[in-house]
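Quick note: the sequence shown uses our numbering, first residue 9, plus one each step. Don't be surprised by glycine CBs; every beta carbon is placed ideally from N, CA and C. Report on the following structure.
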Amino acid sequence: MRRMPDNFVDLTITSPPYNMKLRVHSGEYQNIGSSPSANADYRTKYSDFEDCLPIEDFYKLHSEIITELLRVSKIIFYNISIVAGSKRAFFKIIGEYSDFVKDIIIWDKGHGEPAISP
Numbered sequence: 009m010r011r012m013p014d015n016f017v018d019l020t021i022t023s024p025p026y027n028m029k030l031r032v033h034s035g036e037y038q039n040i041g042s043s044p045s046a047n048a049d050y051r052t053k054y055s056d057f058e059d060c061l062p063i064e065d066f067y068k069l070h071s072e073i074i075t076e077l078l079r080v081s082k083i084i085f086y087n088i089s090i091v092a093g094s095k096r097a098f099f100k101i102i103g104e105y106s107d108f109v110k111d112i113i114i115w116d117k118g119h120g121e122p123a124i125s126p
């Protein structure tokens with residue numbers, strides 16, 4: 009993206025990593041990726057992807073990406089899932105970039121199973 013000129017892209021739609029392997033347990037962040045309690049679908053789905061950054065690194069990664077997207081793209085749809093491993097970072101990001109947030113869409117899944125079950 010760094011080589012792209014400003015406002016080069018009309019629309020960006022992205023669904024970045026959610027830090028799914030990082031969870032809060034007893035008030036501490038812990039990697040649950042290889043935990044026996046993590047469901048089989050989760051362990052299989054993310055087996056080849058290290059999605060467990062320390063919360064400040066996770067925040068920094070998304071902050072850098074969003075800054076570049078704001079420069080190169082006229083409209084951005086940034087699909088995020090606020091799970092325990094990303095909650096602090098995403099609320100911080102929403103606050104930092106609040107002048108650019110036009111709307112927040114909440115997907116109501118009704119009574120369906122959550123994306124990641126315990």
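Residue i versus residue j: straight-line alpha-carbon distance, rounded
{"i": "W115", "j": "Y86", "result": "13 Å"}
{"i": "T20", "j": "R10", "result": "15 Å"}
{"i": "F99", "j": "Y105", "result": "10 Å"}
{"i": "P62", "j": "K68", "result": "10 Å"}
{"i": "I88", "j": "L77", "result": "15 Å"}
{"i": "A97", "j": "V80", "result": "23 Å"}
{"i": "D49", "j": "T22", "result": "Caution is warranted here: a pLDDT of 49 is assigned to D49, below 50, making its placement in the model unreliable, and the coordinate value is therefore given only provisionally. Distance between the alpha carbons of D49 and T22 is about 23 Å."}
{"i": "I113", "j": "F16", "result": "25 Å"}
{"i": "K110", "j": "T75", "result": "16 Å"}
{"i": "R51", "j": "G103", "result": "For R51, the pLDDT reaches just 48, beneath the cut-off of 50, and the residue's location in the model is therefore unreliable, although a value from the coordinates is still provided. So the two alpha carbons sit approximately 32 Å from each other."}
Residue span of the beta strand (DSSP E) that contains residue i, given as start and end
{"i": "D18", "result": "17 to 22"}
Residue from the options whose Cα sits closest to the Cα of residue i
{"i": "F108", "options": "S71, S94, S89", "result": "S71"}
{"i": "P13", "options": "I112, K82, R96", "result": "K82"}
{"i": "K95", "options": "R79, E64, F16", "result": "E64"}
{"i": "F66", "options": "T22, I101, D111", "result": "I101"}
Beta-carbon proximity check, residue i vs residue j, cutoff 8 Å
{"i": "I84", "j": "P24", "result": "no"}
Next item on the list: Scan the region 65 to 113 and note each continuous alpha helix (DSSP H) run of 4 residues or more that stays entirely inside, going in chain order.
Entry: 95 to 104
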